[in-house]
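Read through the structure below, which is laid out as structure tokens, and then see the notes.
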Amino acid sequence: MGEIVKLSESSKNKLAAGEVIERPSSALKELVENSIDAGSSLINIDIYGGGIKKLSVYDNGKGFLKEDLDIAFERHTTSKIKQFEDIFQLKTFGFRGEALASIAAVSKVTVTTKHFSEEIGSQIRIEGGKKVYLKEVPFEKGTLINVEDLFFNTPARLKFLKSPSSELKQCVDIIERCALANPNISFKLNIDGKQSFFTPGDNNLTSAILSLYGTEIYKNLVEINFEFEKGRIYGYFVQPAINRSNRTGYFFYVNRRPVKNRIISLAIDEAFKNNIMANRFPIIFLFIDINPEDIDINVHPQKSEVKFVDERLIFKLIMLAINDAFENRIKITNIQGITHANTDKKELINLNSDEFDNIQLHQNINNKLNSSNNSQKTLFDNNYLGVMTGINNEYTPIKTHQQAFNINSNKQEEIIVNQVVNIDQNDQIKIVGYLFNTYIAVQKSDLLYLIDQHAVHEREIYNNLKKMFNEGSILRQQLLSPIILNLTNKEKIIVLGNLDLFNKLGFEIEDFGSNTIAIRTQPLITTKIKIKVKIEDIISELLLEKDNNDLSRFIDDILKKLSCSLAIKGGDYISDFDKNYIVKLALEENILFCPHGRPTTLELSRTQIEKYFKRR
Ligand code: ADP
Ligand code: MG
24 MGEIVKLSES
34 SKNKLAAGEV
44 IERPSSALKE
54 LVENSIDAGS
64 SLINIDIYGG
74 GIKKLSVYDN
84 GKGFLKEDLD
94 IAFERHTTSK
104 IKQFEDIFQL
114 KTFGFRGEAL
124 ASIAAVSKVT
134 VTTKHFSEEI
144 GSQIRIEGGK
154 KVYLKEVPFE
164 KGTLINVEDL
174 FFNTPARLKF
184 LKSPSSELKQ
194 CVDIIERCAL
204 ANPNISFKLN
214 IDGKQSFFTP
224 GDNNLTSAIL
234 SLYGTEIYKN
244 LVEINFEFEK
254 GRIYGYFVQP
264 AINRSNRTGY
274 FFYVNRRPVK
284 NRIISLAIDE
294 AFKNNIMANR
304 FPIIFLFIDI
314 NPEDIDINVH
324 PQKSEVKFVD
334 ERLIFKLIML
344 AINDAFENRI
354 KITNIQGITH
364 ANTDKKELIN
374 LNSDEFDNIQ
384 LHQNINNKLN
394 SSNNSQKTLF
404 DNNYLGVMTG
414 INNEYTPIKT
424 HQQAFNINSN
434 KQEEIIVNQV
444 VNIDQNDQIK
454 IVGYLFNTYI
464 AVQKSDLLYL
474 IDQHAVHERE
484 IYNNLKKMFN
494 EGSILRQQLL
504 SPIILNLTNK
514 EKIIVLGNLD
524 LFNKLGFEIE
534 DFGSNTIAIR
544 TQPLITTKIK
554 IKVKIEDIIS
564 ELLLEKDNND
574 LSRFIDDILK
584 KLSCSLAIKG
594 GDYISDFDKN
604 YIVKLALEEN
614 ILFCPHGRPT
624 TLELSRTQIE
634 KYFKRR
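Basically the numbering used here = 1-based index in the sequence shown + 23.
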């Protein structure tokens, strides 16, 4: 027999299944999208064991005709296209006609359904792609699909899966994204038999956001509504005072389909650049409705990626849309007495990119953003404080030193520069200056050092945390009153699924009902400098996709992140006492690099300086 053999039909199905169905969340996505396509107003989802054990989706849509049920599980069967050209006109989600067959090839599927035109329902059972039975059963309405033991016959794929909690996270993500895109449908999610959330299905995006993300985010929504010739960009962003340390808060949709797209992501980054703290990212729900001819949705087998025909144009339109929303938000503040120049209402934008001058547009946007900066600041600052105090009432921001002294910052720097602080009489370490509220200038015999206060402090905290963590767990301190944190559903699931890890990190956390958790302790950091603890950053880190196999690296990343957010920042004015402490750490304890590998200290010798001035 030759080496080339024809694949059996079942191997072909298994191979093809791999393309579409990589993990429980991809199966779930297909099922939910089918339910949406079936015209449902209610979709109930049950997930057991991260979806590996069982996924169950019930919808009250139109149901399958009995005769269709049989063939729906053969490959390339779909009711949605009759000929290839239809692909370009398709409004519904699926059209590949592969999803059901692919899922059935790698699991045990039972479908119970009743078509609205039929008297009696029917049920089909398929295991590993093979039909076990098809029979008539009584069933009231809609379709119930149970998918059990995913990948039971493809062990390689099963091994490739992550832990149930990680798979669950991705499933919840899919449901959230679908629920946001379809506020007219009521989504209900149960996890391992317990109710997690439901959206009301009242056709109101903000009610869906409220059910999924809680009141804090809901109360801070800013509307985006921007029309252009061939479409519309709309949705909401959250006031940037509430933000994330990564892009887990980016939700975008093209023609109501949740998609991934780099251009949209970049445009959001760019639009918020001047409106958010450095290295923070907004929470945004962005919908783009666009003529289907201007996109290609099928670049990815799972249809989650979309490509725009004119990417430059989309980038600009998103910038304009967000900018517009910022302007409108400022106009609201006008009512409260903050003056801001009114800008003319934008005319409908023509979908012809040549009419846009790239640079011109950028400048316009930046000017607009800058001109509104002042009035924004007051708004932001208030919110900022509100958010901070809600999170940790014990924290005194280092910046308040500056406010308490009531000296303007330039004067402050002069005073410090003229001041010579002896850190130790015997040693000749002298603080000779303080630059940009960031670098401490030190002279030690023939050497000049510039010491980065953040890098040194970050390293100290990291070393301490790491030592404690390796020795068992991080010391904790009881909070005077517990911090109650509002979380999104997904965040809450992840936090509750990682209580042990948080505990080892020094956070004792409890479920506090609905969208909230209570934090009772925080890590006791042994540093002489007053610091704040920011638990949201750690949560955001956990939300990022991480490889479970590399737990120690993951923990190390968290410790780094934690140290970074705990440490005093560049630009934070610090007291002389704190300066001395930093200098001691840098020069006496030889802290040379921050945990991310950046140097903490610049050293210049007298010789180097004199060479520069050509004295030598
Ligand atoms: P596609 O969605 O690409 O058509 P699928 O394999 O996902 O392919 O589904 C095949 C067909 O099965 C669909 O075209 C639809 O007619 C039918 N179908 C799937 N799920 C449902 C459902 N929940 N309710 C009614 N019909 C469904
Ligand atoms: Mg489908």
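Where a beta carbon is used, it is the ideal one built from N, C-alpha and C, also for glycine. Computed from a prediction, not measured in an experiment: that's the story for all the values here.
Short Cβ contact (8 angstroms threshold) for residue i with residue j
i, j, result
"Phe331", "Phe308", "no"
"Ile147", "Asp93", "yes"
"Ile168", "Val80", "yes"
"Val160", "Ser140", "no"
"Leu585", "Leu488", "yes"
"Val170", "Leu78", "yes"
"Glu483", "Leu608", "yes"
"His138", "Gly216", "no"
"Val606", "Ile497", "no"
"Asp82", "Ala61", "yes"
"Ala95", "Leu123", "yes"
"Asp196", "Lys513", "yes"
"Leu181", "Ile516", "no"
"Cys194", "Gly74", "yes"
"Asn266", "Ile240", "no"
"Phe249", "Asp347", "yes"
"Gln458", "Thr624", "For the sequence presented, residue 458 should be read as Leu rather than Gln. Taking 8 angstroms as the Cβ cut-off, Leu458 and Thr624 do not qualify as a contacting pair."
"Tyr485", "Pro305", "no"
"Phe63", "Gly165", "As written in the sequence, residue 63 is Ser, which differs from the Phe given in the question. Yes. Within cutoff."
"Glu53", "Ile126", "yes"
Span of the alpha helix (DSSP H), counted from its first residue to its last, around residue i
i, result
"Arg46", "No alpha helix (DSSP H) holds Arg46; DSSP gives it neither H nor E."
"Asn641", "Nothing about residue 641 can be read from this structure; the chain reaches only from 24 to 639."
"Leu289", "Arg285 to Phe295"
"Thr135", "Premise fails: Thr135 lies in the beta strand (DSSP E), Lys131 to Lys137, not in any alpha helix (DSSP H)."
"Arg543", "Note, Arg543: premise wrong, no alpha helix (DSSP H); beta strand (DSSP E) at Thr539 to Pro546."
"Val160", "Here Val160 belongs to no alpha helix (DSSP H); instead the beta strand (DSSP E) covers Lys153 to Val160."
"Arg639", "Careful: Arg639 lies outside any alpha helix (DSSP H) and carries neither H nor E."
"Phe600", "Asp599 to Val606"
"Val518", "Asn512 to Gly520"
"Gln193", "Pro187 to Ala204"
"Arg180", "Pro178 to Phe183"
C-alpha distance - residue i paired with residue j, whole-angstrom precision
i, j, result
"Gln631", "Ile454", "20 angstroms"
"Lys131", "Gln501", "49 angstroms"
"Asn538", "Pro223", "16 angstroms"
"Asn314", "Phe251", "11 angstroms"
"Ala427", "Ser58", "Low per-residue confidence applies at Ala427: pLDDT is 27, beneath 50, and the placement is therefore not dependable, though the value from the model is reported in the following sentence. Rounded to the nearest angstrom, the two C-alpha atoms are 60 angstroms apart."
"Glu417", "Asn521", "With a pLDDT of 30 at Glu417, under the threshold of 50, the predicted position of this residue should be treated as unreliable, and no value is reported."
"Asp579", "Asn493", "11 angstroms"
"Thr550", "Asp595", "17 angstroms"
"Ala541", "Ala264", "21 angstroms"
"Ile128", "Leu212", "It should be pointed out that residue 128 corresponds to Ala in this sequence rather than to Ile. About 25 angstroms."
"Lys527", "Met491", "9 angstroms"
"Asp333", "Ile287", "12 angstroms"
"Thr271", "Val261", "13 angstroms"
"Ile452", "Phe530", "39 angstroms"
"Ile232", "Ile614", "46 angstroms"
"Arg279", "Phe310", "7 angstroms"
"Gly620", "Ile581", "16 angstroms"
"Phe174", "Cys201", "24 angstroms"
"Phe636", "Thr461", "26 angstroms"
"Asp225", "Pro281", "20 angstroms"
"Ser189", "Glu316", "36 angstroms"
"Gly536", "Thr544", "18 angstroms"
"Pro546", "Leu228", "38 angstroms"
"Val518", "Ile208", "28 angstroms"
Residue range of the unbroken beta strand (DSSP E) whose run includes residue i
i, result
"Tyr257", "Gly254 to Val261"
"Asp534", "Ile532 to Asp534"
"Ser219", "Lys217 to Phe221"
"Pro649", "The first residue shown for the chain is 24 and the last is 639, placing residue 649 beyond what the model contains."
"Lys211", "Ser209 to Ile214"
"Glu246", "Leu244 to Phe251"
"Leu65", "Leu65 to Tyr71"
Chain C within 8 angstroms of residue i, Cβ atoms only
i, result
"Ser49", "Included in the structure is just one protein chain, with no chain C present."
*asked:* Measuring CB atoms only, is the region 245-265 touching the region 327-347, in the sense that at least three cross pairs come out at less than 8 angstroms?
replied: yes
*the region 284-295 contacting the region 237-255, beta-carbon criterion three pairs below 8 angstroms*: no
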